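Following: one structure in structure tokens, then a few remarks.
Written out as structure tokens, the structure reads:
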């Protein structure tokens, strides 16, 4: 499943097995304090995921076949927890 996680200053997109797995893995990786800052979590449908574009911050036009952006759907694979993208990236 793909989730949209809204904070007051950013939006993150994550994949997880389900709601319980998202809570467990997110708090394990980022801590309860960070989880408490979340304002809203919602599911992202397959159609939405195909239309949401994530920019590749490492894009290099000199590299053949390098991709400038991906759809959120293309980035999601499997059901393990990971952050797929964010409006604020470290």
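Numbering (full-length UniProt numbering), first residue to last: 1 to 90.
All C-beta atoms in this analysis are idealised placements derived from N, C-alpha and C, irrespective of residue type, glycine included.
Here the structure is a predicted model, which means the values were calculated and not measured.
Tell me whether residue i sits in a helix, a strand or coil according to DSSP, three-state version.
i, result
"residue 43", "strand"
"residue 7", "coil"
"residue 12", "strand"
"residue 28", "helix"
Any heavy atom of the ligand COA closer than 7 Å to the CB of residue i?
i, result
"residue 40", "Judged by which ligands are present, the structure shown has none, so any question about the ligand COA falls away."
Mind checking which residues open and close the beta strand (DSSP E) that includes residue i?
i, result
"residue 86", "82-86"
"residue 77", "Taken as a continuous stretch (DSSP letters only), residue 77 belongs to no beta strand (DSSP E), as it is neither H nor E."
If residue i sits next to residue j, beta carbons under 8 Å apart, how far is it from one beta carbon to the other, in whole angstroms?
i, j, result
"residue 16", "residue 5", "Rounded, the Cβ-Cβ distance is 10 Å, inconsistent with contact."
"residue 22", "residue 49", "Not really, about 15 Å apart at Cβ, beyond 8 Å."
"residue 54", "residue 70", "5 Å"
"residue 35", "residue 27", "5 Å"
Just to confirm before moving on: does the CB-CB distance between residue i and residue j stay below 8 Å?
i, j, result
"residue 11", "residue 86", "yes"
"residue 88", "residue 33", "no"
"residue 43", "residue 3", "yes"
Taking the alpha helix (DSSP H) that residue i falls in, what are its first and last residues?
i, result
"residue 59", "Neither: residue 59 is in no alpha helix (DSSP H) and is coded neither H nor E."
Compare the C-beta of residue i with all C-beta atoms of chain B and state if any pair is closer than 8 Å.
i, result
"residue 17", "Given the protein chain composition of this structure (a single chain), no chain B is represented."
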